[in-house]
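These notes are about the structure you will find just below.
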Amino acid sequence: LTMGDMTVPQDWHASFGAAAGGEWEAIEGRLHVRAGLFYDSGALPDQTVSVAWFDSHKIGLTLGLSVDVWRFAFDLGYAHVFFVPRTIANSEMRQLNPIEPQEPELLSVVGNGAYDSSMDLLALSVRFTY
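Residue numbers (my numbering): 724 to 853.
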């Protein structure tokens with residue numbers, strides 16, 4: 724049994740992002756509170772979006788805080804990222820089958836459909852100053 728070559732075209736294009744945020748020292752030398760907003764454009768054209776690799780414009784809301792105790796600083800960050808919904812009707816992405824390579828026209832298109840997603844990110848870090 725031989726596995727054939729597999730190529731997954733992505734055709735990434737240029738993207739851009741913008742972000743703004745601020746920090747407030749709620750308790751001098753002890754507690755800092757942060758908030759922010761960002762936008763990131765998607766880099767995949769409709770033709771190469773697939774169920775395995777989804778990308779869309781993103782809008783993110785972020786919150787964070789730092790607590791300083793003695794020589795330690797504890798940082799907590801949270802982000803909620805909204806992916807702008809996307810409906811794909813002209814996908815060129817076809818199912819992958821490396822075991823039994825077939826002619827591309829015989830494989831089903833798998834990228835068409837409605838895509839809607841979001842994600843939550845949580846980060847915790849500890850710093851020590853010596």
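Note that beta-carbon positions come from the ideal geometry of N, C-alpha and C, so glycine has one too.
These numbers come from a predicted model, not from an experiment.
DSSP, reduced to helix, strand and coil, places T785 within a strand of the structure shown. Judged by DSSP in its simplified three-state form, D769 adopts helix. Distance from A737 to F761 at the Cβ level is roughly 17 Å; contact not present, criterion being Cβ atoms closer than 8 Å. Within the stretch 825 to 849, there are no complete alpha helix (DSSP H) runs of at least 4 residues. In this chain, the beta strand (DSSP E) harbouring P808 covers F795 to I811. Taken through DSSP and simplified to helix, strand or coil, R753 comes out as coil.
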